[in-house]
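Trainee: Please read through the structure below; I'll follow up with questions.
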Amino acid sequence: MTSAQLATPSRKQRVRTLWISDVHLGTRDCQAEHLSAFLKRYQADKVYLVGDIIDGWKLRGGMYWPQAHTNVIRRLLTMSKRGTEVIYVTGNHDEFLRRYSKLVLGNIQLVDEAEHVTADGRRLLVIHGDQFDVITRYHRWLAFLGDSAYEFTLTLNRWLNHWRAKYGYGYWSLSAYLKHKVKSAVNFISDFEEAIAHECVKRGLDGVVCGHIHHAEIRQVGGVEYLNCGDWVESCTALIEHLDGTIELFRLADAHLKASQPVVQEPVSETVA
C-alpha cells in the first residue's frame, strides 16, 4: 500500500459523528484523495466540518480546483442525501461564508459555532478556533505573512513525501514535526489550548472540538476535554465518535502503518484421534 492509498472496507463502519477541519480545498497541499477515501469508510449520523474547508484566501489569488477537490464536495453531498446531518462551522480561511451563518439547505447547516452532545451526555463546543488566535484577530498582516511561510514548509513537505512514496515509505509530516520541535510554536499551541478551554469553563461545557492550528490532540486542558481535529494538508487527521460516545483520534499515518503490517495467523494445533 502506497501513501496515496487507503483501502475502503467492503462494508461501511457505522459511527455517530465525524469531525474534520482545515481541509483547505483550493490549495495544492490539500490531501483531497485521502479525505475522500476516509469519508467512504464510514456511515455517520453527523459530520461536522470544523472550518477552513474551502480556502478563500488562496482562491482570491487564482483558481486551483482539481477534480479530487470536487470529489470531496460530492462525497459530503452524497452523505447528506443519504441521511447524514452535515454541519459546516466556518473558519477564518472560509470567513466569506460567515455572512450566510444559520443557512439551512436540506441536511446541511452553516453556522459559526455549534454545541454537540455525545452519546454519553457530554456537552462539547464545536468551533473553528480562530477567535482565540491573537495573531489572526488583531494582526491580520502577520497572519498572511505566517501563511506564506507555512505554505513554503508545505511545499517542502509535498516534495519530501513524493520521494518517500517512490521508495515505499508512508506519509510523514515535516511541518508537524517542526511544530513539536520549535519552542515558539509549542508555546503558541499551549496558549491557544488554554484560551479555548477557559471559554468552555465560562460556558459550563464539558469540552471543545476545534481546529485552526493544524495540531490534532485529545487531552484534558484546564479541567475540560480538549479535542482538536487537526487538518488534511499535513497530518491527515480526524475525530470519530463511536456509538457509545467514546471519541477516537484518527491518524492516516497510523492507518497506513496498520494496513502494511502482515497478519500473523495462529498455528493450527493437530489432534490425534
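If you read the sequence shown in the working numbering, its first letter stands for residue 19, the second for the next number, and so on. Cβ coordinates follow ideal geometry from the N, Cα and C atoms, glycine included.
1) In the DSSP assignment, find the alpha helix (DSSP H) that holds Phe56 and state where it starts and stops.
2) Just the Cα atoms here: how many angstroms apart are His230 and Glu103?
3) Put Ile71 into one of helix, strand or coil per three-state DSSP.
4) Going by the beta-carbon positions, is the gap between Leu57 and His87 smaller than 8 Å?
5) At a threshold of 7 Å, does Leu270 count as lining the ligand COA (C-beta to nearest heavy atom)?
6) Helix, strand or coil for Val41 per DSSP?
7) Rounding to the nearest angstrom, what Cα-Cα distance links Gly225 and Leu245 in this structure?
8) Just the C-alpha distance for Val68 and Val129, rounded to the nearest angstrom, thanks.
9) Hey, which unbroken runs of the alpha helix (DSSP H) at 4 residues or more fall wholly within the region 69-115?
10) Figure out for me which residue from Phe210, Asp272 and Leu257 has the closest Cα to the Cα of Glu266.
11) State the DSSP-derived secondary structure class of Glu252, mapped to helix, strand or coil.
12) Could you work out which residue in Ile38, Ile207 and Ala137 is closest to Leu94 when comparing CA atoms only?
13) If you follow the beta strand (DSSP E) that Ile236 is in, where does it begin and where does it stop?
14) Given a cut-off of 8 Å, decide if Gly147 and Ile214 are closer than it, judged by their beta-carbon atoms.
15) By alpha-carbon positions, which one of His260, Arg32 and Ala55 ends up nearest to Leu270?
16) Would DSSP call Val135 helix, strand or coil?
17) According to DSSP, is Lys220 part of a helix, a strand, or is it coil?
18) Could you round the C-beta distance between Leu261 and Arg32 to whole angstroms and report it? I think they count as a contact, below 8 Å.
19) Within this structure, are the beta carbons of Ala62 and Val90 separated by less than 8 Å?
20) Here's the rule: buried if 16 or more other CB atoms are within 10 angstroms of the residue's CB, otherwise exposed. What is Lys317?
21) For the candidate residues Ala273, Tyr82 and Asp112, whose alpha-carbon lies nearest to that of Asp70?
22) Which class does Arg295 belong to by DSSP, given the choice of helix, strand or coil?
23) Alpha carbon to alpha carbon, how far is Gln238 from Lys120? Give it in angstroms, no decimals.
24) Using the Cα positions of Glu243 and Cys48, report the straight-line distance between them to the nearest angstrom.
25) Per DSSP, what kind of secondary structure is Ile214 in: helix, strand or coil?
26) Is it right to say Thr264 is buried, meaning 16 or more other beta carbons lie within 10 angstroms of its own, or is it exposed?
27) If you compare alpha carbons, which of Val107, Asp138, Gly222 and Leu178 is closest to Gly240?
28) Measure the alpha-carbon distance for Glu288 versus Ala132 and round it to whole angstroms.
Mentor: Looking at the coordinates:
1) The count along the sequence shown starts at 1 and reaches residue 56 at position 38. Counting along the chain, the alpha helix (DSSP H) containing Phe56 begins and ends at Ala50 to Lys58.
2) On the sequence shown, residue 230 is found 212 positions in, with the first residue counted as 1. On the sequence shown, residue 103 is found 85 positions in, with the first residue counted as 1. When rounded, the distance between both Cα atoms is 22 Å.
3) Against the sequence shown, residue 71 aligns to sequence position 53. Annotated three-state conformation of Ile71 is coil, per DSSP.
4) Looking up residue 57 in the sequence shown gives position 39. Looking up residue 87 in the sequence shown gives position 69. Taking 8 Å as the Cβ cut-off, Leu57 and His87 do not qualify as a contacting pair.
5) The ligand content of the structure shown is nil, which means the ligand COA is not present either.
6) Reading the sequence shown from its first residue, position 23 is the one you call residue 41. Coil, per DSSP.
7) The residue you call residue 225 lines up with position 207 of the sequence shown. The residue you call residue 245 lines up with position 227 of the sequence shown. Gly225 and Leu245 have their C-alpha atoms spaced approximately 8 Å apart.
8) Position 50 of the sequence shown, counted from the first residue, corresponds to residue 68. Position 111 of the sequence shown, counted from the first residue, corresponds to residue 129. Approximately 10 Å between the Cα atoms of the pair.
9) 74-78 and 85-99, all fully within the region 69-115.
10) The count along the sequence shown starts at 1 and reaches residue 266 at position 248. Of all alpha-carbon atoms in Phe210, Asp272 and Leu257, the one lying nearest the alpha-carbon of Glu266 is that of Leu257.
11) Here residue 252 refers to the residue found at position 234 of the sequence shown. Glu252: coil per DSSP, three-state reduction.
12) Sequence index remark: in the sequence shown, residue 94 carries index 76 (1-based). The alpha carbon of Leu94 has as its nearest neighbour, out of Ile38, Ile207 and Ala137, the alpha carbon of Ile38.
13) For the purposes of this step, residue 236 is taken as residue 218 along the sequence shown, with counting starting at 1. For Ile236, the enclosing beta strand (DSSP E) covers residues Glu235 to Val239.
14) What you label residue 214 is simply residue 196 of the sequence shown in a count that begins at 1. What you label residue 147 is simply residue 129 of the sequence shown in a count that begins at 1. A contact, by the Cβ cut-off of 8 Å.
15) Numbered from its first residue, the sequence shown carries residue 270 at position 252. Comparing Cα positions, the closest option is Ala55.
16) Your numbering for residue 135 matches position 117 in the sequence shown. Three-state DSSP puts Val135 in a strand.
17) Reading the sequence shown from its first residue, position 202 is the one you call residue 220. The three-state secondary structure of Lys220, taken from DSSP, is helix.
18) Within the sequence shown, the letter at position 243 stands for residue 261. Within the sequence shown, the letter at position 14 stands for residue 32. Going by Cβ atoms, the distance from Leu261 to Arg32 rounds to 7 Å, so yes, they are a contact pair.
19) Taking the first residue of the sequence shown as 1, we reach residue 62 at position 44. Taking the first residue of the sequence shown as 1, we reach residue 90 at position 72. No, these two residues do not count as a Cβ contact at 8 Å.
20) Since the first residue of the chain shown is 19 and the last is 291, residue 317 is not available in this structure.
21) Taking the sequence shown and counting its residues from 1, one reaches residue 70 at position 52. Cα-wise, what sits closest to Asp70 is Asp112.
22) The requested residue 295 is not part of the displayed model; the chain covers only 19 to 291.
23) The residue given as residue 120 occupies position 102 in the sequence shown. The residue given as residue 238 occupies position 220 in the sequence shown. Pairing Lys120 with Gln238, the inter-Cα distance amounts to about 30 Å.
24) Walking along the sequence shown from the start, residue 243 turns up at place 225. Walking along the sequence shown from the start, residue 48 turns up at place 30. Here the alpha carbon of Glu243 sits roughly 28 Å from the alpha carbon of Cys48.
25) The residue labelled residue 214 in the question sits at position 196 within the sequence shown. When secondary structure is reduced to three states using DSSP, Ile214 falls in the helix class.
26) The residue labelled residue 264 in the question sits at position 246 within the sequence shown. So Thr264 counts as exposed.
27) Taking the sequence shown and counting its residues from 1, one reaches residue 240 at position 222. Comparing Cα positions, the closest option is Gly222.
28) Here residue 288 refers to the residue found at position 270 when the sequence shown is read from its first residue. Here residue 132 refers to the residue found at position 114 when the sequence shown is read from its first residue. Bear in mind that the predicted position of Glu288 carries a pLDDT of just 43, short of 50, making it too unreliable to give a figure here.
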